[in-house]
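All remarks here apply to the structure that follows.
In my numbering, the protein residues as written are 21 to 313.
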């Protein structure tokens, strides 16, 4: 099997070298690989790094960017049987990540698979708690439902060709894609031993924006989901309470308490705002979502 590893980038110079080194160090017998970088106007050293590692580079203009459109561009230029998607700020946690994430595709159990995500010593406490919730230590192949995450996933090329990503969404193109596949009777799965460190270096404003644009997309994918202001208050308070309890048990309450409060407020305020945003997304708003300063 040939795997095309597709990386979306915008100013990813901080973590891209470690990602590409991690890809080079993979032990994956029987799996040939190539790397396709889809860049949307980086102004740092991202493109120099990609060239140094002999990546195939595709370009997309800022004004044309969406997560789905950039992935479709990368998938179209790839030649692999499996399309492996990984974020430019994710790093394989071991040298069998690639072999593990394509294995369920190669043996025909599923047509789409996503892998585990973890933080590292610099990650936000609450974000690590989110990783623990959505990316548990036990695999499920196939799984129930259509949750999926393109920070660490793989798709059969033949399936993508018949079901390209929605290019209009502000986020969650992965869940929309998975929902379309499962509605057609295709199986997807979760592989816990295909692990990456997902490293977000975000301000509180960027965290809010991330959850806001995802909530806008969720309106389209699951219009039955509504988040009231009382839900915002309840979810925020409940999450802070549980996170602080975990921090106390781990002896890290004093270190992480202020961060926990700020993270959960940013998360749920962004989700609330996005859930109640019904106007067409302006170019200025897209700039804020996709290219935060």
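Cβ atoms here follow ideal geometry from the backbone N, Cα and C, with glycine treated the same way. Just so we're clear, the structure is a prediction, and the values are computed from it rather than from any experiment.
Q: Tell me whether residue 160 is buried or exposed, calling it buried when 16 or more other Cβ atoms sit within 10 Å of its Cβ.
A: exposed
Q. By a C-beta neighbour count over all protein chains shown, 10 Å radius and 16 as the cutoff for buried, is residue 278 buried or exposed?
A. exposed
Q) Name the DSSP beta bridge partners of residue 210, please? A) 134 and 160
Q) When DSSP builds the beta bridges, which residues end up paired with residue 29? A) 59
Q. Within this structure, are the beta carbons of residue 280 and residue 263 separated by less than 7 Å?
A. yes
**Q.** Delimiting residues of the beta strand (DSSP E) encompassing residue 105
**A.** 102-106
Q: Report yes or no: do three or more beta-carbon pairs, one from the stretch 184-192 and one from the stretch 150-164, lie closer than 8 Å?
A: no
(Q) Taking the alpha-carbon of residue 298 as reference, which of 204, 84 and 239 has the nearest alpha-carbon? (A) 239
Q. How many Å lie between residue 33 and residue 70 at the Cα?
A. 9 Å
Q. So who's on the other strand from residue 216, going by DSSP bridges?
A. 112 and 137
Q) By the 10 Å Cβ neighbour count, where 16 or more other Cβ atoms means buried, how is residue 96 classified, buried or exposed? A) exposed
Q: Taking residue 158 as the reference, give the member of 73, 253 and 134 with the closest Cα.
A: 134
Q) With C-beta atoms as the reference, is residue 67 less than 7 Å away from residue 78? A) no
Q: With a floor of 3 residues, list each beta strand (DSSP E) that falls wholly inside the stretch 159-190, ordered by position along the chain.
A: 172-176
Q) Under 7 Å between the Cβ atoms of residue 91 and residue 175? A) no
(Q) Using a Cβ distance threshold of 8 Å, determine whether the stretch 115-123 contacts the stretch 44-56, with at least three qualifying pairs required. (A) yes
Q: Determine contact between the stretch 110-119 and the stretch 209-217, defined as no fewer than three beta-carbon pairs at a distance below 8 Å.
A: yes
**Q.** Span of the alpha helix (DSSP H), counted from its first residue to its last, around residue 193
**A.** 193-203
Q: Indicate whether residue 173 and residue 241 have their beta-carbon atoms separated by less than 7 Å.
A: no
Q. Would a C-beta distance cut-off of 7 Å place residue 290 and residue 231 closer than the cut-off?
A. yes
Q: Identify whether residue 77 lies in helix, strand or coil by the three-state DSSP scheme.
A: strand
Q: Name the residue from 244, 108, 166 and 225 whose alpha carbon lies nearest to the alpha carbon of residue 30.
A: 108
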